[in-house]
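In the working numbering, the protein residues as written are 29 to 303.
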Amino acid sequence: MSTKEDKPVEHKTTWKDSIYNPRTGEFIGRTASSWALIVGFYLVFYAFLTGFFTLTMWVMLQTLEDDVPKYRDRVPSPGLVIRPRSLDIIFNRTNPKQYGPYVRHLESLLQQYNDTIQEQNELCMVNEYTEQDDVAEKKVCQFKRSLLRQCSGLADATFGYAEGKPCILVKMNRIIGLRPRGEPYVNCTAKRDTPLQMSYFPTEAKFDKMYFPYYGKINHPKYVQPLVAVQLLLAKEDYNTEIAIECKVEGSDLKNDDDRDKFLGRITFRVTVTE
Ligand SMILES: *[C@@H]1O[C@H](CO)[C@@H](O)[C@H](O)[C@H]1NC(C)=O
Ligand SMILES: *[C@@H]1O[C@H](CO)[C@@H](O)[C@H](O)[C@H]1NC(C)=O
Ligand SMILES: *[C@@H]1O[C@H](CO)[C@@H](O)[C@H](O)[C@H]1NC(C)=O
């Protein structure tokens, strides 16, 4: 029975001692100098960690450019877009009120391709990338709207719409650092049994390599995208019916048959002309 009486006493002592033991001067099992060492160690340790983290972050940020994603496993393929910005182009060719918005849209887009403005840009080497990684002031390769001939809006201010032979401008979305391999060109086909006559401007419907790579909005502010115009040479029997047209970028390594993205390197739109 005596052991039963002793136990609570022992327990009480141990509990008290574990906080502060006056005999050894230990506080929670350690002496003051031991505590000082531990606190000192952790202070230095965390100061070092903080410093190391900050330094690493700083070095990392120094190597990043403002508008270029640094780590990409590959440069993605661009989407194809058309102007006028509509996938359903419908108009009565004898009614300027109906095709007016399309024509004004094309005209405003082509303002920046004005020959007099483009003459201030560089004449670049045909079929060669305009590499300028190490150049601070990136030059811009000229693309004059007059290259688009009948679709330039210069000779025919209605871009063929009044004639029932509408021009559609095709361009690729801008992708920083894209260098298409091969010779990308636009190929449009009518999705019907009988082929539809079309003209392309510039003649080979090419997106010349000279317009690549693009260096981003900040580094390359005056960059102009190359354009391809396709004129649909509709005849009388093509009026009053909806014609689906698919344009693809071909002749290069750019993707144009992705199952999940039907705008990657291609675009399908519908045209209905009435009179
Ligand atoms: C574009 O060029 C035409 C002449 O070719 C000129 O009349 C017009 O003012 C120019 N537009 C701009 C925005 O410079
Ligand atoms: C354009 O595409 C059509 C249909 O895919 C094909 O038959 C034709 O050969 C292509 N034209 C050119 C110039 O690649
Ligand atoms: C097209 O416009 C003309 C003149 O504005 C009109 O006579 C004709 O009926 C229109 N055609 C259609 C299919 O709306």
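From the three backbone atoms N, C-alpha and C, an ideal C-beta is built for every residue, glycine too.
No experiment lies behind these values; they were computed from the predicted model shown.
Just to check my reading of the structure: residue i and residue j have Cβ atoms closer than 8 Å, yes? What is that Cβ distance to the nearest angstrom?
i	j	result
leucine 260	lysine 199	With a Cβ gap of about 17 Å, leucine 260 and lysine 199 do not count as contacting.
asparagine 284	arginine 294	5 Å
tyrosine 242	histidine 248	6 Å
glutamate 150	lysine 167	5 Å
threonine 158	cysteine 152	5 Å
isoleucine 196	valine 258	5 Å
valine 154	aspartate 236	6 Å
glycine 181	leucine 138	6 Å
Does at least one heavy atom of ligand 3 sit under 8 Å from the Cβ of residue i?
i	result
glutamate 303	yes
threonine 122	yes
asparagine 268	yes
Is it right to say residue i is buried, meaning 16 or more other beta carbons lie within 10 angstroms of its own, or is it exposed?
i	result
lysine 245	exposed
arginine 173	buried
isoleucine 273	buried
methionine 226	buried
isoleucine 110	buried
threonine 31	At threonine 31, the pLDDT of 48 sits below 50, so the modelled position is not reliable; the number obtained from the coordinates is stated separately. Threonine 31 comes out exposed.
leucine 89	exposed
glutamate 33	For glutamate 33, the pLDDT reaches just 49, beneath the cut-off of 50, and the residue's location in the model is therefore unreliable, leaving the point undetermined.
valine 37	Residue confidence for valine 37 is low, a pLDDT of 48 falling below 50, so the modelled location carries little weight; the figure read from the coordinates is stated next. By the neighbour-count rule (16 or more Cβ atoms within 10 Å), valine 37 is not buried but exposed.
proline 124	exposed
phenylalanine 187	buried
glycine 53	exposed
methionine 29	Here methionine 29 scores only 46 on pLDDT, less than 50, and its place in the model should not be relied on; the value that follows carries that caveat. Exposed is the call here.
leucine 262	buried
valine 163	exposed
aspartate 286	exposed
glycine 128	exposed
arginine 121	buried
valine 131	buried
valine 72	exposed
proline 223	exposed
proline 112	buried
For the candidate residues the options, whose alpha-carbon lies nearest to that of residue i?
i	options	result
cysteine 216	Ser180, Val256 and Lys172	Val256
valine 214	Thr84, Leu108 and Ala263	Leu108
valine 277	Asn142, Gly188 and Leu292	Leu292
aspartate 161	Arg121, Leu138 and Leu206	Leu206
proline 208	Ser280, Thr91 and Leu176	Ser280
threonine 170	Tyr189, Gln140, Leu115 and Lys264	A small correction: the amino acid at residue 170 is glutamine; threonine does not occupy that position in the sequence shown. Checked all of Tyr189, Gln140, Leu115 and Lys264; the closest Cα to glutamine 170 is Gln140.
tyrosine 267	Asp289, Ile118 and Tyr48	Ile118
asparagine 201	Arg58, Pro254 and Phe229	Pro254
Please find out if some non-hydrogen atom of ligand 2 comes closer than 8 Å to the beta-carbon of residue i.
i	result
glycine 210	no
glycine 279	yes
threonine 231	no
lysine 276	yes
asparagine 284	no
threonine 217	yes
Any beta-carbon of chain C closer than 9 Å to the one on residue i?
i	result
serine 62	Included in the structure is just one protein chain, with no chain C present.
Which full runs of the beta strand (DSSP E) of 3+ residues lie inside the stretch 149 to 222, going along the chain?
195 to 200 and 210 to 218
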